[in-house]
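Residue numbers (this note's numbering), protein chains in the order written: chain A, 219 to 330; chain B, 219 to 330.
#1: Helix, strand or coil for residue 299/A? Go by DSSP, reduced to three states.
#2: Using a Cβ cut-off of 7 Å, which residues of the stretch 275-292 of chain A contact any Cβ in chain B, in chain order?
#3: Quick check on DSSP: helix, strand or coil for residue 221/B?
#4: Opposite residue 320/B in the DSSP bridges: which residues?
#5: Assuming the contact rule is C-beta atoms closer than 8 Å, residue 273/A and residue 235/A should be a hit. Round their C-beta distance to whole Å, please.
#6: Chain A partners of residue 320/B, CB-CB under 7 Å?
#7: Taking the alpha-carbon positions, what's the residue 321/B to residue 230/A distance?
#8: Is it buried or exposed for residue 240/A, if we count other Cβ within 10 angstroms and need 16 for buried?
#9: Which two residues bound the contiguous alpha helix (DSSP H) that contains residue 270/A?
#10: Report the residue from 256/B, 249/B, 265/B and 299/B whose alpha carbon sits nearest the alpha carbon of residue 280/B.
#11: Is the CB of residue 307/B under 8 Å away from at least one CB in chain A?
#12: Could you give the distance in angstroms between the alpha-carbon of residue 293/B and the alpha-carbon of residue 252/A?
#13: Per DSSP, residue 294/A is paired with what?
#14: With distance defined between alpha-carbon atoms, name the residue in 316/B, 268/B, 295/B and 304/B nearest to residue 305/A.
#15: Go to residue 248/B, then tell me how far its alpha helix (DSSP H) extends in each direction, as first and last residue.
Written out as structure tokens, the structure is:
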């Protein structure tokens with residue numbers, strides 16, 4: 219039962235974070251607030267639509283906050299919330315695992 | 219540049235682990251070797267086809283080993299490899315985050 223509950227918790231996390239880009243977006247936002255176009259530049263592989271959807275999902279989950287500044291043109295910034303900072307250890311282990319993966323398979327990873 | 223490389227590493231990890239089920243499967247396999255049908259029971263939401271594909275992806279990445287025992291009927295077991303054990307800290311933080319998420323939003327998570 220306990221294992222089962224823990225299993226469920228992994229599923230819960232992955233349901234929210236399991237997309238290819240969400241944790242990557244969080245990893246950039248943990249550096250500080252960013253505008254939409256900053257994130258597009260940081261993550262060149264993501265489409266504008268996917269970026270919008272992923273940011274909205276993170277916002278709906280209370281992990282990212284979107285602030286609109288009434289400048290002209292309007293400036294929209296995204297930042298991690300206090301809850302979002304709980305993803306710091308998740309991002310950390312994913313980075314470490316990804317680094318190890320790239321060192322193990324430099325060619326395969328590049329050609330993927 | 220350093221941030222960028224770390225960012226890439228998160229992407230690398232998520233490219234391999236980002237599906238909804240893969241880390242969950244690894245979390246069950248970290249308990250010990252399992253047969254295909256054990257995993258189907260552990261993860262009732264997954265289709266047979268998806269389970270096959272996810273196990274194969276983990277196998278191709280060298281994280282899971284598939285062993286066929288020449289019994290009758292043939293017995294096929296899956297287990298994590300030494301490399302796969304590197305996912306233990308990843309599973310751990312995902313569990314912790316998922317638990318926190320469920321405690322924070324018991325209703326939302328249940329209705330998702």
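We treat Cβ as the ideally placed atom computed from N, Cα and C, and that holds for glycine.
Judging by the given coordinates:
#1: Residue 299/A: coil per DSSP, three-state reduction.
#2: The stretch 275-292 of chain A vs chain B, Cβ under 7 Å: nothing.
#3: Bear in mind that the predicted position of residue 221/B carries a pLDDT of just 45, short of 50, making it too unreliable to give a figure here.
#4: The partner list for residue 320/B (beta bridge, DSSP) is empty, contrary to what the question assumes.
#5: By a beta-carbon distance limit of 8 Å, residue 273/A does not contact residue 235/A. Their separation comes to about 13 Å.
#6: Under the 7 Å cutoff, chain A gives 227 and 230.
#7: Residue 321/B and residue 230/A have their C-alpha atoms some 11 Å from each other.
#8: Label assigned to residue 240/A: buried.
#9: For residue 270/A, the enclosing alpha helix (DSSP H) covers residues 266-278.
#10: Nearest of 256/B, 249/B, 265/B and 299/B to residue 280/B, Cα basis: 299/B.
#11: It does; some Cβ of chain A falls within 8 Å.
#12: Whole-angstrom Cα-Cα distance: 52 Å.
#13: According to DSSP, residue 294/A shares a beta bridge with 286/A.
#14: Per the Cα distances, 316/B.
#15: If you look at residue 248/B, you'll find it isn't in any alpha helix (DSSP H); DSSP assigns it neither H nor E.
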